[in-house]
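Q:
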Ligand SMILES: [Mn+2]
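In our numbering, the protein residues as written are 3 to 332.
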């Protein structure tokens with residue numbers, strides 16, 4: 003651990019120790035890493051009799067409900083005392099403050115711990131009492147929570163390990179993305195040693211598809227196009243309606259476009275259920291920086307996996323995206 007990282011880790015560990023009430027949240031449409039970190043952190047804190055609330059803007063994806071304690075995660079509508087002041091707010095992977103989905107008034111948090119592994123974003127320090135643990139080289143936030151526990155001498159419980167393992171598995175795309183590092187594999191192996199069952203995790207997260215979501219996949223594949231080294235897929239509101247699915251059922255669909263030999267950059271366009279926004283999930287290989295490209299459209303992410311959201315008609319957004327990608331590739 004480098005000096006600067008060791009300092010922030012120490013600051014965070016001291017803050018966790020010295021305070022009593024914690025508000026934990028993450029980004030809208032929470033994923034395996036966000037949820038895994040929230041739960042592992044909450045269980046760890048509760049061991050020391052801390053008061054912990056986990057609140058997210060959006061509901062838990064169904065395939066993560068197998069995680070221990072996942073029932074305690076609230077949505078903001080269910081917060082009883084909306085003026086409760088917490089000692090500390092722990093915020094996972096929100097490179098932009100809007101990504102918290104307005105889940106709490108930040109003035110209600112006396113201190114803030116911001117934990118992230120995204121490189122882009124406009125998050126500015128919100129208060130003097132803020133600790134930022136940003137480590138873009140790590141596979142997941144789960145890896146960072148592991149490092150916090152490790153530095154404090156805490157060996158994760160079986161349940162905590164399961165949550166952290168879920169974060170690493172989902173963010174590395176089952177250990178297939180470029181963020182699969184010796185370190186992420188080392189941590190995963192420790193978590194398995196603690197007692198995580200990888201088969202159970204796989205089965206719950208990936209090996210469990212509803213009839214509707216497979217139908218949605220088939221609709222999306224019907225839109226697959228490839229031109230030069232760019233490939234793309236579309237999901238429309240109609241497809242959700244026809245198959246009885248929603249945005250959560252789109253997980254992993256973008257990856258199919260990247261399976262075509264010669265494709266270097268690929269994306270999935272999705273019409274959002276409400277309003278007329280289009281969400282674009284962008285993926286790339288080698289030296290094409292999807293995070294930078296997404297940034298041009300007001301989004302962000304990682305080098306090989308990023309996204310942005312844009313108002314307008316799906317076909318227009320598609321053309322606009324392709325046009326820009328062609329320029330980048332040249
Ligand atoms: Mn993550």
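From the three backbone atoms N, C-alpha and C, an ideal C-beta is built for every residue, glycine too.
For residue 58, which of helix, strand or coil comes out of DSSP?
A: Counted from its first residue, the chain shown places residue 58 at position 56. Residue state, collapsed to three classes: strand.
Q: Roughly how many whole angstroms lie between the Cα atoms of residue 172 and residue 37?
A: The count along the chain shown starts at 1 and reaches residue 172 at position 170. The count along the chain shown starts at 1 and reaches residue 37 at position 35. Each residue's alpha carbon lies about 11 Å from the other.
Q: Extract the residue ranges of the alpha helix (DSSP H) inside the segment 264 to 323, only unbroken runs of 4 or more that lie entirely within it.
A: Complete alpha helix (DSSP H) runs here, min 4: 292 to 298.
Q: Per DSSP, which residues does residue 36 bridge with? Please list them.
A: Locating residue 36 in the chain shown gives position 34, where the first residue counts as 1. For residue 36, which the question treats as bridged, DSSP gives no partner whatsoever.
Q: State the Cα-Cα distance for the pair residue 97 and residue 136, rounded to the nearest angstrom.
A: Translated into the one-based positions of the chain shown, residue 97 becomes position 95. Translated into the one-based positions of the chain shown, residue 136 becomes position 134. Spanning the two alpha carbons is a distance of roughly 9 Å.
Q: Mind checking which residues open and close the alpha helix (DSSP H) that includes residue 206?
A: By 1-based counting over the chain shown, the position of residue 206 is 204. Taken as a continuous stretch (DSSP letters only), the alpha helix (DSSP H) holding residue 206 covers 200 to 207.
Q: Taking the beta strand (DSSP E) that residue 134 falls in, what are its first and last residues?
A: Residue mapping note: residue 134 aligns to position 132 of the chain shown, counting from 1. Counting along the chain, the beta strand (DSSP E) containing residue 134 begins and ends at 132 to 136.
Q: Closer than 8 Å by C-beta to residue 207: which residues in its own chain qualify, once you throw out the five before and the five after it? Chain order, please.
A: The sequence position of residue 207 within the chain shown is 205, counting from 1. Listed in chain order, the non-local C-beta contacts of residue 207 below 8 Å within the same chain comprise 34, 65, 66, 168, 171 and 172, local neighbours out to five positions each way being set aside.
Q: Can you find the residues in the same chain that come closer than 6 Å, C-beta to C-beta, to residue 265, ignoring five residues on each side of it along the sequence?
A: Start at 1 with the first residue of the chain shown, and residue 265 comes out as number 263. Only 231 and 233 meet the Cβ criterion.
Q: Among the candidates 305, 91 and 69, whose CA atom is the shortest distance from the CA of residue 52?
A: Here residue 52 corresponds to residue number 50 of the chain shown, with the count starting at 1. When each option's Cα is compared against that of residue 52, the closest is 91.
Q: Check each residue's C-beta against every heavy atom of ligand 1 and list, in chain order, those closer than 7 Å.
A: 33, 35, 36, 95, 119, 142, 143, 169 and 173
Q: Taking 7 Å as the cut-off, decide whether the C-beta atoms of residue 216 and residue 255 are in contact.
A: Here residue 216 is taken as the residue at index 214 of the chain shown, counted from 1. Here residue 255 is taken as the residue at index 253 of the chain shown, counted from 1. Going by C-beta atoms, residue 216 is not nearer than 7 Å to residue 255.
Q: If we count the other Cβ atoms within 10 Å of its Cβ and call it buried at 16 or more, is residue 292 buried or exposed?
A: Stepping through the chain shown from its first residue, residue 292 is reached at position 290. By the neighbour-count rule (16 or more Cβ atoms within 10 Å), residue 292 is buried.
Q: Quick check for students: name the residue ranges of the alpha helix (DSSP H) that lie wholly in the segment 77 to 161, counting only runs of 4 or more.
A: 143 to 154
Q: For a quick check, are the C-beta atoms of residue 267 and residue 309 less than 7 Å apart?
A: One-based indexing of the chain shown puts residue 267 at position 265. One-based indexing of the chain shown puts residue 309 at position 307. Cβ atoms of residue 267 and residue 309: not closer than 7 Å.
Q: Can you find the residues in the same chain that come closer than 6 Å, C-beta to C-beta, to residue 164, ignoring five residues on each side of it along the sequence?
A: By one-based count along the chain shown, residue 164 stands at place 162. Excluding the 5 residues flanking it on each side, residue 164 has same chain C-beta neighbours closer than 6 Å at 198, in chain order.
Q: Hey, would you say residue 75 sits closer than 7 Å to residue 56, going by beta carbons?
A: Walking along the chain shown from the start, residue 75 turns up at place 73. Walking along the chain shown from the start, residue 56 turns up at place 54. Yes, the Cβ-Cβ distance between residue 75 and residue 56 is below 7 Å.
Q: Counting pairs of beta carbons, one from the segment 131 to 147 and one from the segment 108 to 119, are three or more of them closer than 8 Å?
A: yes
Q: Verify whether the separation of the beta carbon atoms of residue 250 and residue 63 is less than 7 Å.
A: In the chain shown, residue 250 corresponds to position 248, counting from 1. In the chain shown, residue 63 corresponds to position 61, counting from 1. The answer is yes: Cβ separation under 7 Å.
Q: Can you give me the Cβ contacts of residue 327 inside the same chain, cut-off strictly under 6 Å, excluding the 5 residues immediately before and after it?
A: Within the chain shown, the letter at position 325 stands for residue 327. Counting only Cβ-Cβ distances below 6 Å, and skipping sequence neighbours, we find 232 and 267.
Q: Output the boundary residues of the alpha helix (DSSP H) element that contains residue 194.
A: Residue numbering aside, residue 194 sits at position 192 when the chain shown is read from its first letter. It spans 184 to 196 - the alpha helix (DSSP H) in which residue 194 sits, taken as one unbroken run.
Q: Tell me whether the beta-carbon of residue 11 lies closer than 7 Å to the beta-carbon of residue 126.
A: Translated into the one-based positions of the chain shown, residue 11 becomes position 9. Translated into the one-based positions of the chain shown, residue 126 becomes position 124. For residue 11 and residue 126, no; Cβs fall outside 7 Å.
Q: With a 10 Å radius around its C-beta and 16 neighbouring C-beta atoms as the bar for buried, classify residue 298 as buried or exposed.
A: Within the chain shown, residue 298 is the residue found at index 296, counting from 1. Under this definition residue 298 is an exposed residue.
Q: Is residue 212 helix, strand or coil when you go by DSSP?
A: Residue mapping note: residue 212 aligns to position 210 of the chain shown, counting from 1. Coil.
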